[in-house]
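Colleague: Dropping the structure in here first, questions after.
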Amino acid sequence: MHIDALEKIWIYIVGLIIVFMLGAIFYAAFAVSVHPPSNVETVDSMRLHLTEEFAEDNLGVKTNSDGSLTVTVVTARYGIYPQQIEVPADTPIKFRFATPDVLHGLHMPKSNVDTMVIPGFVSEVNTTLQHPGEYPLFCNEYCGLGHHYMWARVKVVEKTSTN
Ligand code: CUA
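With this note's numbering applied, the sequence shown covers 3 to 165.
The structure is reproduced here in C-alpha cells:
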C-alpha cells in the first residue's frame with residue numbers, strides 16, 4: 003500500500019498528539035490525583051434534612067479517630083451549607099456532598115475538589131489542602147436563577163498540634 007509522504011508526516015503528528023493527551027490524562031490521574039468521583043452511594047434526597055448525617059446541625063467539619071477530617075456539605079438552591087468551612091492544611095479530608103433538590107456542581111480552585119452533586123447520591127472527594135489561605139467553593143452547574151449565589155468559603159489554616 004502506498005502512503006503519501008505528507009500523509010505519513012501527519013500520521014506521526016497525530017500519533018504524537020495522542021501520546022501527549024494520554025500522558026496528560028495519566029499525569030492528572032496519578033501525579034496530581036485528579037479523578038472522576040467514583041463513590042456510588044445513594045441517599046433519599048427528599049428526606050436529606052431528616053437523616054443523621056445531613057441534618058442541618060450535623061453539617062461541617064468532623065475529626066475522625068485517625069486524625070483525618072470528614073466535611074459534610076449540603077448544596078441546595080441557592081446556597082452551600084455550611085457557608086464557612088475551616089480546615090487545617092496538610093490533613094487528609096473527605097468531603098461528602100449531597101443535594102435535596104437539583105443537580106449542582108462543586109468546584110474549589112487550586113485543588114482536586116470538583117464534582118457534580120446529583121440528587122439521590124452522595125458525592126465524595128478526598129483531598130489534602132497544602133496551602134493555607136481562603137478559597138471559594140462554588141457551584142459550577144447551572145441550577146437556576148440563583149446559581150451565582152451558591153458560594154461558600156473554605157479557610158485553610160496552618161496545621162497545629164491540636165488538629
Ligand atoms: Cu447550584 Cu448552580
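Beta carbons are placed, not taken as given, at the ideal position from N, Cα and C, and that holds for glycine.
Just to confirm the assignment, what range does the beta strand (DSSP E) spanning Val-45 have?
Modeller: On the sequence shown, position 43 is the one that residue 45 refers to. Note, Val-45: premise wrong, no beta strand (DSSP E); not H, not E.
Colleague: Which two residues bound the contiguous beta strand (DSSP E) that contains Leu-8?
Modeller: Here residue 8 corresponds to residue number 6 of the sequence shown, with the count starting at 1. No beta strand (DSSP E) holds Leu-8; the alpha helix (DSSP H) holding it covers 7 to 28.
Colleague: I believe Tyr-80 touches Met-152 by the beta-carbon criterion, under 8 Å. Please report the beta-carbon distance rounded to the nearest angstrom.
Modeller: On the sequence shown, residue 80 is found 78 positions in, with the first residue counted as 1. On the sequence shown, residue 152 is found 150 positions in, with the first residue counted as 1. So it is a contact: roughly 5 Å between Cβ atoms.
Colleague: Which full runs of the beta strand (DSSP E) of 3+ residues lie inside the region 51 to 112, going along the chain?
Modeller: Restricting attention to beta strand (DSSP E) runs no shorter than 3 residues, the region 51 to 112 encloses them at 62 to 65, 71 to 78, 81 to 83, 86 to 90, 94 to 100, 106 to 109, ordered along the chain.
Colleague: Does at least one heavy atom of the ligand CUA sit under 7 Å from the Cβ of Tyr-83?
Modeller: Position 81 of the sequence shown, counted from the start, is the residue given in the question as residue 83. No; taking the cut-off as 7 Å, the Cβ of Tyr-83 has no heavy atom of the ligand CUA nearer than that.
Colleague: In this structure, how does DSSP classify Tyr-144 when only helix, strand and coil are distinguished?
Modeller: Position 142 of the sequence shown, counted from the start, is the residue given in the question as residue 144. Coil, per DSSP.
Colleague: Are the region 114 to 128 and the region 38 to 54 touching by the rule of at least three beta carbon pairs closer than 8 Å?
Modeller: yes
Colleague: Would you kindly work out how many angstroms separate the C-alpha atoms of Ile-101 and Pro-121, rounded to a whole number?
Modeller: Locating residue 101 in the sequence shown gives position 99, counting from the first residue. Locating residue 121 in the sequence shown gives position 119, counting from the first residue. The residue you asked about is not Ile; residue 101 is Thr in the sequence shown. Cα-Cα distance, rounded: 5 Å.
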